[in-house]
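Colleague:
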Amino acid sequence: MIVIISALRCEVDCLIKHYNLKKKLAIKEFEIFSDKNEEIYVAISGIGGINSANLIGFLRGKEILSKKSILINLGIAGHKNLEIGKLVSVNKLSKIGQKKNYYPSNIRTLNFSQYYPLNTSDIPLDNYQDEKLIDMES
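Our numbering applies: residue 893 is where the sequence shown begins, and numbers increase by one.
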């Protein structure tokens, strides 16, 4: 099963339309869509790391997300020099203010031309001082 999470509907609306996904769960906190065979899920958390973490916990509790699932966090991130709309993958994830790093496994078959480190923040930032991506949900 493939589970794609995103903060905003506009970030995944094209996937919802392309795969003809239908709203699976109508709950106040999240929007969750799936195909008729329940092989592809798209889930929208809302902005912020806490919302993203809550969504992942919810998906685990509903057994939509399991250890066998492929989880993709898809969204928009800021960068100092990248052109808008450039598709990249993250090879290192750091939370601003913490010393821990996470190194996600990348789906190499997608053949991303560029991999970037990403800093995630609890507050909006627009001062890009190095070659790292910035977001609020990773």
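Cβ coordinates follow ideal geometry from the N, Cα and C atoms, glycine included.
Tell me the residue span of the beta strand (DSSP E) that contains Ile897.
Modeller: Residues Ile894 to Ser898.
Colleague: Assign Tyr995 to one of two classes, buried (16 or more other C-beta atoms within 10 Å of its C-beta) or exposed (fewer than that).
Modeller: With fewer than 16 Cβ atoms within 10 Å of its Cβ, Tyr995 is classed as exposed.
Colleague: Just to confirm, are Asn965 and Ile897 a CB contact at a threshold of 7 Å?
Modeller: Yes, these two residues count as a Cβ contact at 7 Å.
Colleague: Contact defined as beta carbons within less than 8 Å: I believe Met893 pairs with Glu931. What is the distance between those atoms, to the nearest angstrom?
Modeller: Yes, they are in contact, since the Cβ atoms of Met893 and Glu931 sit about 6 Å apart, within 8 Å.
Colleague: In whole angstroms, give me the CA-to-CA distance for Ser926 and Gly967.
Modeller: Each residue's alpha carbon lies about 18 Å from the other.
Colleague: Does the segment 967-979 come within contact of the segment 1015-1023, defined as at least 3 CB pairs closer than 8 Å?
Modeller: Enough Cβ pairs lie closer than 8 Å, so yes.
Colleague: Going by DSSP, what residue range makes up the beta strand (DSSP E) through Lys987?
Modeller: Ser981 to Lys987 is the extent of the beta strand (DSSP E) around Lys987.
Colleague: Determine the direct distance from the alpha carbon of Glu903 to that of Gly938, and round the result to whole angstroms.
Modeller: The straight-line gap from Cα to Cα measures roughly 11 Å.
Colleague: Thr969 by DSSP, collapsed to three states: which one?
Modeller: Correcting the residue type first, residue 969 is Ala in the shown sequence and not Thr. Coil at Ala969, not helix or strand.
Colleague: For Leu1010, which three-state DSSP category applies?
Modeller: In the structure shown, Leu1010 sits in a strand (DSSP, three-state: E or B).
Colleague: Are any of the Cβ atoms in chain D nearer than 7 Å to that of Gly938?
Modeller: The displayed structure is made up of one protein chain only, and chain D is not part of it.
Colleague: Is the beta carbon of Lys1024 less than 7 Å from the beta carbon of Asn1011?
Modeller: The answer is yes: Cβ separation under 7 Å.
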